[in-house]
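Have a look at the structure below before the remarks.
2 protein chains.
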Amino acid sequence: MAEPKKAKGTLTIYDVAKLAGVSIASVSRVLNGQGTPRAETRDRVMRAVRELSFVPDGAARALSNGLKEVVGVVFRRENGETYLEGEDESFLFIDVINRGIEVGARRRGFDLLISSVGFNDDNVVERIGALAGKADGLILHDRMLSAAGIARLADMVPVVTLAGTSTPASMNVRCDNEAGIRDLVRHLVIEHGYRSLGYVSGRADSPDNRTRQHAFETEAVAVGAEIDTGQAWQGNYSAAGGANVVESLLAAGRKLPRAILCANDQTALGVIHALAQRGVRVPQDVAITGFDDVPVARHLHPPLTTVRQPMQELGAMAFEILYSRISAAAGKADTVLPVELVVRESCGCTSSSAKDGA
Amino acid sequence: MAEPKKAKGTLTIYDVAKLAGVSIASVSRVLNGQGTPRAETRDRVMRAVRELSFVPDGAARALSNGLKEVVGVVFRRENGETYLEGEDESFLFIDVINRGIEVGARRRGFDLLISSVGFNDDNVVERIGALAGKADGLILHDRMLSAAGIARLADMVPVVTLAGTSTPASMNVRCDNEAGIRDLVRHLVIEHGYRSLGYVSGRADSPDNRTRQHAFETEAVAVGAEIDTGQAWQGNYSAAGGANVVESLLAAGRKLPRAILCANDQTALGVIHALAQRGVRVPQDVAITGFDDVPVARHLHPPLTTVRQPMQELGAMAFEILYSRISAAAGKADTVLPVELVVRESCGCTSSSAKDGA
DNA sequence: TACGGTCCGGTAAGCGCTTACCGGTAAGCG
DNA sequence: CGCTTACCGGTAAGCGCTTACCGGACCGTA
Chain A
166 MAEPKKAKGT LTIYDVAKLA GVSIASVSRV LNGQGTPRAE TRDRVMRAVR ELSFVPDGAA
226 RALSNGLKEV VGVVFRRENG ETYLEGEDES FLFIDVINRG IEVGARRRGF DLLISSVGFN
286 DDNVVERIGA LAGKADGLIL HDRMLSAAGI ARLADMVPVV TLAGTSTPAS MNVRCDNEAG
346 IRDLVRHLVI EHGYRSLGYV SGRADSPDNR TRQHAFETEA VAVGAEIDTG QAWQGNYSAA
406 GGANVVESLL AAGRKLPRAI LCANDQTALG VIHALAQRGV RVPQDVAITG FDDVPVARHL
466 HPPLTTVRQP MQELGAMAFE ILYSRISAAA GKADTVLPVE LVVRESCGCT SSSAKDGA
Chain B
166 MAEPKKAKGT LTIYDVAKLA GVSIASVSRV LNGQGTPRAE TRDRVMRAVR ELSFVPDGAA
226 RALSNGLKEV VGVVFRRENG ETYLEGEDES FLFIDVINRG IEVGARRRGF DLLISSVGFN
286 DDNVVERIGA LAGKADGLIL HDRMLSAAGI ARLADMVPVV TLAGTSTPAS MNVRCDNEAG
346 IRDLVRHLVI EHGYRSLGYV SGRADSPDNR TRQHAFETEA VAVGAEIDTG QAWQGNYSAA
406 GGANVVESLL AAGRKLPRAI LCANDQTALG VIHALAQRGV RVPQDVAITG FDDVPVARHL
466 HPPLTTVRQP MQELGAMAFE ILYSRISAAA GKADTVLPVE LVVRESCGCT SSSAKDGA
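So the sequences go chain by chain: A and B.
Residues are numbered in the working numbering as their position in the first sequence, beginning at 1, plus a constant of 165.
Residues are numbered in the working numbering as their position in the second sequence, beginning at 1, plus a constant of 165.
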């Protein structure tokens with residue numbers, strides 16, 4: 166406040182020490198709460214720090230401590246510049262997860278170094294590698310990189326992937342897709358007595374989708390329901406994709422199964438819309454379920470029965486796993502978070518029998 | 166790929182140098198493209214780097230170079246955990262701006278260190294201060310901190326604020342609110358001949374809002390229109406706030422002005438909705454305009470006449486300003502980006518006369 | 001053959017911090 | 001009253017990198 170300081174940013178612990186009349190070691194100790202400095206020493210240091218608006222240089226601390234307290238987070242941009250309607254949803258997911266990571270990180274004094282990757286960027290691994298050099302570890306969102314790419318990065322720093330699969334070198338955190346689908350199938354078959362089921366899939370390259378589809382087939386067989394499958398059921402996680410599946414199924418004159426599980430809520434939204442257009446009633450003629458429990462799910466007509474994934478916990482957990490790996494060289498390779506069946510009305514339950522998990 | 170490396174992360178430039186059979190200086194030079202190493206030297210280094218999956222440590226580089234290549238970005242979370250419907254909009258703004266910052270940053274090899282702040286977090290300045298220690302500069306989104314808080318941070322690192330006002334120590338980037346409002350007022354008064362105007366304001370504490378309101382009053386007077394003002398016109402940037410204003414104006418039996426400017430598109434959305442409820446026709450009875458040009462603006466009934474702000478450019482510009490300050494100790498204190506009037510139909514233009522800027 | 005000029009590449013210092021180590025002072029004890 | 005013990009706090013090394021500086025090798029020229 167008083168002296169004309171040197172060129173901003175050149176302020177070091179030496180300046181503080183000089184002003185406080187102590188050694189740099191004392192300044193460092195006070196700042197980090199190490200040792201047991203005398204009250205007077207502490208005061209003098211604190212006063213000098215305040216006077217100078219001193220903040221210790223993160224790079225120097227990192228170098229000395231071997232800990233940057235920074236975690237790199239990488240996600241995929243849907244496309245270059247503009248944002249489409251449908252994109253909001255996945256955007257929101259990413260944000261909620263990142264928020265979870267941030268909450269977990271803050272608890273340990275870490276900050277988030279964020280980088281997004283476009284669909285057809287090149288040198289992605291190199292770019293993320295550079296990021297890795299500035300962080301203690303990396304969290305990679307869904308569908309970022311090939312297994313080989315992940316392995317290369319995992320060679321440099323600890324890596325946690327989300328909703329993927331763990332590799333020898335990287336750890337993974339995901340939600341319990343199997344349990345979610347299993348609960349859905351059982352609810353539909355055992356409680357409602359539906360005998361025929363269909364599954365509108367998500368993007369073919371998504372591990373989450375593959376897991377869900379596989380769980381669907383396995384569980385349906387286990388409870389003795391018929392399933393309708395095939396290329397016609399291929400969606401892509403979007404409402405448009407879901408509507409398409411219904412259109413082409415109907416156009417081909419196929420009889421719809423009694424209940425249709427959708428890969429995610431967006432898809433269910435499209436399916437319900439397309440069905441309504443054709444005069445098919447939900448749930449009287451066909452029961453529909455989603456997956457995710459996005460905010461609008463409860464406002465659909467009928468309110469959507471779905472599976473809630475704990476997105477924010479997912480992020481927080483991803484950080485925690487990474488952190489334990491960073492600080493203790495140990496971390497669970499594959500972590501599965503529980504999901505929750507949210508029964509509303511699109512499955513055929515009535516608002517009185519449905520217990521909305523909200 | 167072959168040797169059992171030392172504990173991951175302990176890999177240094179010395180390891181690379183040893184494997185390549187050169188000195189650390191050569192490794193560094195090759196990695197940074199300095200000097201003119203022989204082709205053979207370069208090859209040996211590159212091969213060793215690849216073999217070891219080496220990435221130079223960012224902290225050490227930063228310490229040595231005096232440049233971290235990291236910019237801190239701070240924004241405000243609307244509230245703790247859940248996300249409300251209306252929040253999406255501002256969320257999106259933040260994301261688009263951040264995306265702009267990222268684009269600008271990438272060009273210079275910088276990454277984004279991101280931190281969000283809750284409404285009633287405490288020690289905000291301390292927390293951001295810690296962030297500042299890990300970054301070369303800070304970009305603060307709208308309405309984060311008091312001027313004093315900003316000043317304290319600006320004492321530590323270069324600071325750019327968005328949509329605020331510059332202080333002696335910090336720089337600011339914003340859109341040209343005055344011009345936007347001026348264009349709107351002129352269009353309504355001069356081209357359409359409306360003689361009475363109203364302005365539904367945004368949050369009272371928003372610099373953007375204050376600027377817009379002031380420009381509205383000034384310009385309306387300048388072109389000789391009557392204006393209706395007062396407490397009744399206080400909105401809060403939300404659709405609900407806009408609807409509220411209309412409700413209470415109507416409930417009080419006040420005659421509406423011929424045209425109403427809204428502080429932002431969200432507000433206009435609420436206003437149009439409330440008006441429709443009461444049977445007031447837009448634009449036949451009352452013309453409405455927004456501000457921002459959010460994606461839905463063109464899909465409203467009638468399509469909304471508004472002002473487009475170059476959000477992504479805003480972010481990119483903020484970074485560029487900050488960067489010039491970091492690298493050359495100079496940066497424009499106050500930067501104003503041009504906006505664009507987007508004439509659609511809610512002002513009374515017809516789709517043929519309106520030239521949609523999309 | 002000898003000498004000057006180029007060009008590479010190695011050696012070492014230093015970036016700002018943390019902390020092991022050690023020395024000095026004061027209090028406790030015999 | 002002198003010696004041990006404890007407690008603070010200072011000195012200096014070292015974290016992994018960049019780069020100024022310098023020396024050696026090789027070329028060209030006389």
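For every residue, glycine included, the Cβ atom is placed at its ideal position computed from N, Cα and C.
Q) Shortest alpha-carbon distance to A494 (chain A) belongs to which of A:V239, A:D301, A:I178 and A:A428? A) A:D301
Q. CB-CB under 6 Å to G245 (chain B), same chain, minus the five flanking residues each way: which ones, in chain order?
A. Since pLDDT at G245 (chain B) reaches only 41, below the 50 mark, its modelled position is unreliable, and no value is offered.
Q: Give every residue of the same chain whose Cβ lies closer than 7 Å to the Cβ of L479 (chain A), excluding the five residues on either side of it in the sequence, and list them in chain order.
A: I262, G265, L327, V338, C340 and L502
Q) Under a Cβ-count criterion, where at least 16 other Cβ atoms within 10 Å of its own Cβ denotes burial, should I355 (chain B) be classed as buried or exposed? A) exposed
Q | Residues in the stretch 196 to 230 of chain A having any Cβ partner in chain B nearer than 7 Å | A | S218, V220, P221, D222, G223, A224, A225, A227 and L228
**Q.** Beta-ladder partner(s) of L327 (chain A), from DSSP
**A.** A:V338
Q.
What does the alpha-carbon distance come out to for the pair A224 (chain A) and L277 (chain A)?
A. 15 Å
Q. Does DSSP put L184 (chain B) in a helix, a strand or coil?
A. helix
Q) For R368 (chain B), does the three-state DSSP call read helix, strand or coil? A) coil
(Q) Taking the straight line between their C-alpha atoms, what separation do you get for I486 (chain B) and K497 (chain B)? (A) 7 Å
Q: Kindly indicate which residue of B:F484, B:S489, B:A408 and B:M482 has the alpha-carbon position closest to the one of I453 (chain B).
A: B:A408
**Q.** Between the CA atoms of A344 (chain A) and R446 (chain A) - distance to the nearest angstrom
**A.** 28 Å
(Q) Rounding to the nearest angstrom, what Cα-Cα distance links M321 (chain A) and D222 (chain B) in this structure? (A) 10 Å
Q. By how many angstroms is the C-alpha of Q449 (chain B) removed from the C-alpha of V508 (chain B)?
A. 16 Å
**Q.** Alpha-carbon to alpha-carbon, Q477 (chain B) and E505 (chain B)
**A.** 14 Å
Q: List the DSSP bridge partners of A452 (chain A).
A: A:A424
Q: Spell out the partners DSSP gives F240 (chain A) in its beta bridges.
A: A:S281
Q: From the DSSP output, in three-state form, read off T206 (chain B) for me.
A: helix
Q.
So that I know if they touch, is there some Cβ in chain B lying closer than 9 Å to that of L184 (chain A)?
A. no
Q: Grab me the residues of T247 (chain A)'s own chain with a C-beta within less than 8 Å of its C-beta, minus the 5 sequence neighbours each way, in chain order.
A: With a pLDDT of 39 at T247 (chain A), under the threshold of 50, the modelled position of this residue cannot be trusted; read the value that follows with caution. Hits under 8 Å: none found.
Q: Locate the alpha helix (DSSP H) running through I392 (chain B), then write down its first and last residues.
A: Per DSSP, I392 (chain B) belongs to no alpha helix (DSSP H); it is in the beta strand (DSSP E), E391 to D393.
Q. Leaving out the 5 sequence neighbours to the left and right, which residues in its chain are closer than 8 Å to V282 (chain B) when beta-carbon positions are compared?
A. V239, F240, R241, R242, V289, R292, I293 and M309
**Q.** DSSP state of D287 (chain B) mapped onto helix, strand, coil
**A.** coil
Q: Please report how far the alpha carbon of A481 (chain B) lies from the alpha carbon of I491 (chain A), in whole angstroms.
A: 34 Å
Q: Spell out whether any CB of chain A is found under 9 Å from the CB atom of K497 (chain B).
A: no
Q. What does V302 (chain B) pair with, by DSSP beta-bridge criteria?
A. In the sequence on display, residue 302 (chain B) carries Gly and not Val. Note: G302 (chain B) sits in a beta bridge opposite B:V236.
Q) Does the beta-carbon of Y488 (chain A) have 16 or more other beta-carbons within 10 angstroms, so that it is buried, or is it exposed? A) buried
Q | Where L126 (chain A) meets chain B, residues with beta-carbon distance less than 8 Å | A | Since the displayed chain A opens at 166 and closes at 523, residue 126 (chain A) lies outside it and no answer follows.
Q | Alpha-carbon spacing of T201 (chain A) relative to V195 (chain A), whole angstroms | A | 8 Å
Q: Spatial neighbours of P372 (chain B) within its chain, please: CB distance less than 7 Å, with the 5 preceding and 5 following residues excluded, ordered by chain position.
A: A328, G329 and T330
Q) How about G480 (chain A): is its C-beta nearer than 9 Å to some C-beta of chain B? A) no
Q. By Cβ distance below 7 Å, which residues in the same chain neighbour R360 (chain B) in space, the five residues on each side in sequence not counted?
A. A390, E391 and R423
Q.
L469 (chain A) and I425 (chain A) - do their beta-carbons sit closer together than 9 Å?
A. no
**Q.** Neighbour list for G294 (chain B) in chain A, Cβ cutoff strictly below 7 Å
**A.** V220
Q: Measure from the alpha carbon of R419 (chain A) to the alpha carbon of each residue in A:R473, A:W398 and A:A387, then state which is nearest.
A: A:W398
Q: Would you list, in sequence order, the uninterrupted alpha helix (DSSP H) runs of no fewer than 4 residues that lie entirely inside the stretch 431 to 495 of chain B?
A: 476 to 493
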